[in-house]
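To keep things clear, I will list the structure first and then write my remarks on it.
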Amino acid sequence: MDWTALSVSLKLAVATCLLLVPFGLWLGRLLARGGFRGKPFCEALVALPLVMPPTVLGFYLMLSFGADAPVGAVWQRLTGGGLTFTFSGILLASLVANLPFAVQPIQRAFETIPANLREAAWCSGLSPWQTFRRIELPLVWPGVVSALALTFAHTLGEFGVILMVGGAIDGETRTLAIAIYDRVQAFDEQGAAIMSAMLLLVSFLTIGVVYGLAGHRRWRHV
Amino acid sequence: MSELPEGATPACLDVGLYQPGPIPLAANFHCEPGELLALVGPSGSGKTTLLRAIAGLYRPAGGWVRCAGESWFDAGQGLSLAPQRRRVGLVFQDYALFPHLSALRNIMVPLDHLPTARRREQALAWLSRVRLEGLADRYPAELSGGQRQRVALARALARQPRVLLLDEPFSAVDQVTRRRLQRELALLREQISIPIVLVTHDLDEACALADRICVLHAGCSLQQSSPDTLFRRPASPEVARLLDRHNVFTGVVVEQGGERYLQWGRYHLEVEQGLECLPLGQRVDWYLPHSDVVLHRRHRPSQGERENPVTARVVELVVLGGITSVSLAVDHSDAILRFEIATHAARRNGLARGETVQVSLLASGIHLMPGAAALDAHTTPEREPT
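Protein chains in written order, with the numbering used here: chain A, 1 to 222; chain B, 1 to 386.
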């Protein structure tokens, strides 16, 4: 069992969730409320990682992360380091690859909130921030939980994009999914089986706990 | 900003909202504390938009909203207070209760300014005022339509608003619940002394609950009056049509033997008031309520029959339970004169389609609407009743 790879996978999944879900809340709410011109274009962009082969997405990300490419150059200027073959690089790639899994469930949840609930909150004296925190967030919570579960599970299992951008540097970019591939390549089927079972168990437990927490509510939409 | 309308007090709600589009508005009305003003009109007449503009949820291009001495909206000065600062109690058409909060917690939301214990106490008191004790912990989905409406009303009032706005609050409940809730609203009115604006398309509801009714069409306020005045004296044929009134005709002011009459075809009708200030020869629209058409009993003439007698032919009889609606055609025009009569009286008088009958058009009921006909002077001679 490659515990280092498991640790990299978990670190990557947690970091992706922590960074992407708040962004998903912002973007999902914006897209759900609509009313701006570029909405279809924006939605298509968010959904793109769903339909693109991971290797293709990984290839483009790899190109854009190079020191001469715009994203890589900006990163270099900001941090002094590179993006390719680093944890930061696979994290950024993971954020892009998981965009639809974080945004779409939250957007759908926001779309179920009738506009007049917000207005009723304003007429009850709640500020826009209080309305978001006390009315909208509890109502979209099942969508947030779905986004968390999907993003976490998808990050744990992500292979193509991570391999293209990060390679397989032990303790830095070698995730459990890549370690399994390496084990299979080295004809270590037992090692691959143990790690696969571990990945399956962690994914199942995470999603089970998250859905369990979200499922306990008495209220429903009127 | 305009001055307050004549007779209005500073504590009243004073509204004047104008814009050419996209939702045209040209409405002007006021509502006194303790008064219930109903905004009525067909779908798309701007009723809900006006209510939303009062609440600060919609910002029209021009006009003003003043309430309790405060200016909430004044387009001229670029002033528009946020809904949070307007102290408005708004009951939405579908109640807009927060589905994840219990009935009690829904009512606690507008009481944020109080300490928690006091908030709970106040919210419980409001639940009790709307007769929902024992249902504090129920979620909106676990309440009936009528109970939800009461929670919404309690939530709106808990904020101690300066004005209560009701957006078709009875439209989502069944007939029996509607009557019960209407009765409760009428009782509740005795306890609150703020202006209440009710949006409804139900004329019976407006008549039953409102002190005054404002008729709207395409965002324009056409007439504001008490229900009785409105239904007996609509300001224009358009108002009559919007109020589902029939018996709108056109006549000409004539003089005979020194007396003024309203010529309607071959009839010279006596009119109790209004003719004296109109010039001879002027075309004028006039309206007669159903109640002021009196059927002559056959073979039993009476003194009242000398008042504007008209001969007509029965063209339609519609029995609606104990009431029969009778439509009469007169020979001088295509106009249809309608009135209602008790079904047993219709039978006793042998009313039947094709029969010729005599009716009196009571002079006191004839209401002249000179403004509209003057504009229409060159259009068709007889206005079809709608």
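Heads up, the beta-carbon is just placed ideally off N, CA and C, and yes, glycines get one too.
- The contact set of residue 125 of chain A on chain B, defined by CB atoms closer than 7 angstroms, consists of 84, 110, 112 and 159 in chain order.
- Residue-level contact check: residue 199 of chain B does not touch chain A, since none of the beta carbons of chain A fall below 7 angstroms from its beta carbon.
- Just measuring C-alpha positions, the residue of A:200, A:213 and A:194 sitting nearest residue 2 of chain A is A:194.
- Contact between the stretch 58-68 of chain B and the stretch 91-100 of chain B is absent: fewer than three C-beta pairs spanning the two stretches fall below 8 angstroms.
- Rounded to the nearest angstrom, the gap between the Cα atoms of residue 42 of chain B and residue 310 of chain B is 34 angstroms.
- DSSP places residue 152 of chain B within a helical segment (H, G or I) once states are collapsed to three.
- Proximity of the stretch 193-204 of chain B to the stretch 33-48 of chain B meets the contact definition, three or more beta-carbon pairs being nearer than 8 angstroms.
- Under the DSSP assignment, residue 261 of chain B falls in the beta strand (DSSP E) whose first and last residues are 259-264.
- Sixteen is the threshold: when 16 or more other Cβ atoms of the shown chains lie within 10 Å of the Cβ of residue 73 of chain B, as they do, the residue is buried.
- Residue pairing of residue 295 of chain B in beta bridges, as defined by DSSP: B:359.
- Residue environment analysis places residue 110 of chain A among the buried positions, since at least 16 neighbouring C-beta atoms fall within 10 angstroms of its C-beta.
- Counting other Cβ atoms within 10 Å of its Cβ, residue 29 of chain A reaches 16 or more and is therefore classed as buried.
- For residue 28 of chain B, there is no enclosing alpha helix (DSSP H); the residue is found in the beta strand (DSSP E) stretching over 25-31.
- Here residue 364 of chain B has 272 as same chain residues with Cβ atoms under 6 angstroms from its own Cβ, once five neighbours each way along the sequence are excluded.
- C-alpha of residue 96 of chain A to C-alpha of residue 89 of chain A: approximately 11 angstroms in a straight line.
- Under the rule that a run must span 4 or more residues, the alpha helix (DSSP H) segments found entirely inside the stretch 55-109 of chain B read 103-108.
- Beta-bridge partners of residue 250 of chain B (DSSP): B:285.
- Residue 25 of chain B and residue 49 of chain B do touch by the CB rule: their CB atoms are close to 7 angstroms apart, below 8 angstroms.
- In terms of Cα proximity to residue 14 of chain B, the closest of B:119, B:162 and B:151 is B:162.
- When 9 angstroms is used as the limit between beta carbons, residue 119 of chain A is near these residues of chain B: 52, 55, 57, 83, 90, 92 and 96, in chain order.
- Residue 46 of chain B and residue 219 of chain B have their alpha carbons spaced roughly 5 angstroms apart.
- Counting C-beta pairs closer than 8 angstroms gives three or more between the stretch 130-144 of chain A and the stretch 19-38 of chain A, which meets the contact rule.
- Burial check for residue 86 of chain A: the Cβ neighbour count within 10 Å reaches 16 or more, so the residue is buried.
- A distance below 7 angstroms between beta-carbons, with the five flanking residues on each side excluded, links residue 327 of chain B to the following residues of its chain, in chain order: 315, 316, 336 and 338.
- Interface residue (Cβ-Cβ distance to chain A less than 7 angstroms): residue 141 of chain B is classified as such.
- Scanning its chain for C-beta atoms nearer than 7 angstroms, with the 5 sequence neighbours on each side dropped, one finds around residue 49 of chain A the residues 57, 96, 97, 99 and 100, in chain order.
- Shown here for residue 106 of chain B: same chain residues with a beta carbon closer than 6 angstroms to its own, the five before and five after excluded, namely 97, 98, 151 and 155 in chain order.
- In terms of Cβ geometry, residue 37 of chain B and residue 89 of chain B do not form a close pair [threshold 7 angstroms].
- A Cβ-Cβ separation of about 12 angstroms leaves residue 104 of chain B out of contact with residue 130 of chain B under the 8 angstroms criterion.
- Using a CB distance cut-off of 7 angstroms, residue 100 of chain B counts as an interface residue toward chain A.
- Residue environment analysis places residue 367 of chain B among the buried positions, since at least 16 neighbouring C-beta atoms fall within 10 angstroms of its C-beta.
- Every candidate beta strand (DSSP E) stretch fails here, since none sits fully inside the stretch 101-142 of chain A while reaching 3 residues.
- Distance from the Cα of residue 334 of chain B is smallest, within the candidate group B:313, B:114, B:361 and B:40, for B:313.
- Closest in C-alpha terms to residue 174 of chain A, from the list A:189, A:155 and A:133, comes A:155.
- Of all residues in the stretch 102-116 of chain A, the ones placed with a Cβ closer than 8 angstroms to any Cβ belonging to chain B are 114 and 116, in chain order.
- Assignment of residue 16 of chain B by DSSP, reduced to helix, strand and coil, places it in the strand class.
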